[in-house]
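Here my numbering is used: the first residue of the sequence shown is 8, the next is one more, and so on. Just so you know, even glycine gets a beta-carbon here, dropped at the ideal spot from N, CA and C.
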Amino acid sequence: MRAYEYFLTTKFLLFVFVALLFSVDAEAQVVVDVSKITCDQFATYKIENPEYIAIWLDGYYHGTREDMKVDIQTLSADAKKVEMYCLSKPEVSLVQAVKTVLGISIGP
């Protein structure tokens, strides 16, 4: 009888292991086309945390200029300016808002 109980216990544990293995959620890879983000999506956190997008845009802008410095205070202040602009004009693209508010040339 002991071998039978061992077999059931082993079978049960194997079942639990397989169930856990297949129940683990894999993180989905999300790709965002920044040129298609609207001000509404940016300012209302519909696409992603605006700070992440602002950091990416700042890095992109500085990369086009071969400038490897990041001024955190300016970045934060500029992100707030763009966010306030975006709240007043939700239909505008984020790239256009950055161009308008900060007077810089980025993207398409």
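Exercise for review: Would you identify the three-state DSSP class for Thr51, choosing helix, strand or coil?
Suggested key: As a position in the sequence shown, residue 51 is number 44, starting the count at 1. Residue state, collapsed to three classes: coil.
Practice item. Write down the C-beta distance between Tyr92 and Thr81 rounded to the nearest angstrom, noting that I regard them as a contact closer than 8 Å. Key: Reading the sequence shown from its first residue, position 85 is the one you call residue 92. Reading the sequence shown from its first residue, position 74 is the one you call residue 81. About 16 Å; that fails the 8 Å criterion.
Review point. By the 10 Å Cβ neighbour count, where 16 or more other Cβ atoms means buried, how is Thr71 classified, buried or exposed?
Key: Taking the first residue of the sequence shown as position 1, residue 71 is located at position 64. By the 10 Å Cβ count, Thr71 comes out exposed.
**Study point:** Beta-carbon gap between Ile62 and Ile54 smaller than 9 Å
**Key:** As a first step, residue 62 is located in the sequence shown; it is residue number 55 there, counting from the start. As a first step, residue 54 is located in the sequence shown; it is residue number 47 there, counting from the start. For Ile62 and Ile54, no; Cβs fall outside 9 Å.
Exercise for review: Quick one: using the 10 Å Cβ neighbour count with 16 as the cut-off for buried, is Val39 buried or exposed?
Suggested key: Walking along the sequence shown from the start, residue 39 turns up at place 32. Its Cβ having fewer than 16 others within 10 Å, Val39 is exposed.
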